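Under this note's numbering, the letters of the sequence shown match residues 42 to 120, in that order. Backbone N, C-alpha and C fix where the C-beta goes; we use that ideal spot for every residue, glycine too. As the structure is a computational prediction, the values presented were derived from the model and not from experiment. Below is one structure, written out as structure tokens; comments come after it.
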Amino acid sequence: TEYLIRTNIGKLIATAVVMVWNFVTRKWLLDDTHTNAMNRLKKQENRLTAEELEAKWENSFSHKLGVWSLEHTPKGWPK
Numbered sequence: 042t043e044y045l046i047r048t049n050i051g052k053l054i055a056t057a058v059v060m061v062w063n064f065v066t067r068k069w070l071l072d073d074t075h076t077n078a079m080n081r082l083k084k085q086e087n088r089l090t091a092e093e094l095e096a097k098w099e100n101s102f103s104h105k106l107g108v109w110s111l112e113h114t115p116k117g118w119p120k
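Written out as structure tokens, the structure is:
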């Protein structure tokens, strides 16, 4: 029974780690939280202008990482 308890606790810990990892990578690297779709959900007076949306997008971590990765691709790899 001790074996079952330890393995189940290990599975729960592993599940929690994967949940956190998936959340962080999705929010930090993949999701663009400054899209026009998110902007349209705001009230008319609180919406960002096109210039503000573009500035937020250019300043986002996911965009900066994408630009960096394109600049640092090995020679011969398609961009």
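Along the chain, where does the alpha helix (DSSP H) containing residue 101 start, and where does it finish?
No alpha helix (DSSP H) contains residue 101, which DSSP labels as neither H nor E.
Would you kindly check if the distance between the Cβ of residue 69 and the Cβ of residue 103 is under 9 angstroms?
yes
Measure the beta-carbon distance from residue 80 to residue 71 and round it to whole angstroms, keeping in mind my assumption that it falls under 8 angstroms.
The Cβ separation is near 19 angstroms, so there is no contact.
Please list, in chain order, all residues of the same chain as residue 106 whose beta carbon is under 7 angstroms from its beta carbon, the five residues on each side excluded.
70
CA-CA distance, residue 65 and residue 58?
11 angstroms
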